[in-house]
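Colleague:
In the UniProt record's numbering, the protein residues as written are 1 to 292.
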């Protein structure tokens, strides 16, 4: 005998608490408008909202509330509950009587373009309305390498008014038009309030053309295979490895590279070069393979 058992039990999922505050810092006394409007429940349950302002005052309820703070630093807490006992919290720092520092990146200069392997020195400073000029110990640098829609940590975090690092190559030839560096300088005042300034550092882009005589021969550059002529975008000083494989011509005969227009002798089938500062063409001449 086979019996089918149907379960009507369901698992309640916790709500998601999202807090916003405006303003979160400023002159004391500071009136802050809080909102929980971004909160949600994955089961579409009705929600209730409870606010603790972090200053020993009475709690409040509602999606939107306001509260006035005396001078000081506080942590406001939003607690969200659904109708089945699910709970979530979110917090927000409030600085009454304090404003964040202002960070400035002074070097490299605007418009700077880096080349692969170059030593780049970042310089910066910060001032604070309450503290004045911040010491180097309150500055922190981070450098990210962007590639398409994701990033990789590249340098830092490092404390101080300057940071020197070596400019990277792109991840690969396909990344030359989608990669760049992002510099972040974080300044922290004596009360722990921070601000961040960012700057993009772009590479020096160079068009490099690869051609063959006769045209239409196959070349491989950094493991990318194509039919010549082909122009690619590279970064200045990025290493390009060119492979010129033996191949058959239109008549079915084997041909090999016999020379390069820029003169390496004897003509190598594989060569590695650094991308120059200006647009350049590299041309490989193919001829009959020697039969022994």
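Here a beta-carbon is modelled for each residue, glycine too, at the ideal position from N, C-alpha and C.
Quick one: Cα of residue 61 to Cα of residue 192, how far?
Modeller: Sequence index remark: in the chain shown, residue 61 carries index 61 (1-based). Sequence index remark: in the chain shown, residue 192 carries index 192 (1-based). About 29 angstroms.
Colleague: Residue 138: buried (16+ other C-beta within 10 angstroms of its C-beta) or exposed?
Modeller: Along the chain shown, one-based indexing puts residue 138 at 138. By the 10 Å Cβ count, residue 138 comes out buried.
Colleague: In the DSSP assignment, what residue or residues form a beta bridge with residue 98?
Modeller: Here the question's residue 98 lines up with position 98 in the chain shown. According to DSSP, residue 98 bridges with 26.
Colleague: Does the pairing of the region 9-24 with the region 87-98 give three or more beta-carbon distances under 8 angstroms?
Modeller: yes
Colleague: Looking only at DSSP bridge pairs, what is residue 207 linked to?
Modeller: Sequence index remark: in the chain shown, residue 207 carries index 207 (1-based). Answer is 233.
Colleague: Roughly how many angstroms separate the alpha carbons of residue 200 and residue 237, rounded to a whole number?
Modeller: In the chain shown, the residue the question calls residue 200 occupies position 200. In the chain shown, the residue the question calls residue 237 occupies position 237. Those two C-alpha atoms are separated by around 20 angstroms.
Colleague: Suppose you measure from the CA of residue 280 to the CA of residue 206; what does that come to, to the nearest Å?
Modeller: Locating residue 280 in the chain shown gives position 280, counting from the first residue. Locating residue 206 in the chain shown gives position 206, counting from the first residue. The alpha-carbon atoms of residue 280 and residue 206 are separated by roughly 8 angstroms.
Colleague: Considering only the beta carbon of each residue, do residue 147 and residue 171 sit closer than 8 angstroms?
Modeller: In the chain shown, the residue the question calls residue 147 occupies position 147. In the chain shown, the residue the question calls residue 171 occupies position 171. For residue 147 and residue 171, yes; Cβs fall inside 8 angstroms.
Colleague: Return the chain-ordered ranges of every beta strand (DSSP E) run that is complete within the region 231-285 and spans a minimum of 3 residues.
Modeller: With a minimum length of 3 residues, the continuous beta strand (DSSP E) runs that stay inside the region 231-285 are 239-243, 254-260 and 270-274.
Colleague: Could you tell me which whole beta strand (DSSP E) segments of length 3 or greater appear in the region 129-210?
Modeller: 139-147, 150-159, 162-166, 179-188 and 194-203
Colleague: Could you give the first and the last residue of the continuous beta strand (DSSP E) run that contains residue 220?
Modeller: The residue labelled residue 220 in the question sits at position 220 within the chain shown. Residues 218-221.
Colleague: Of all the beta strand (DSSP E) runs that stay within the bounds of the region 57-119, which reach a length of 3 or more residues?
Modeller: 64-69, 72-82, 87-96 and 102-107
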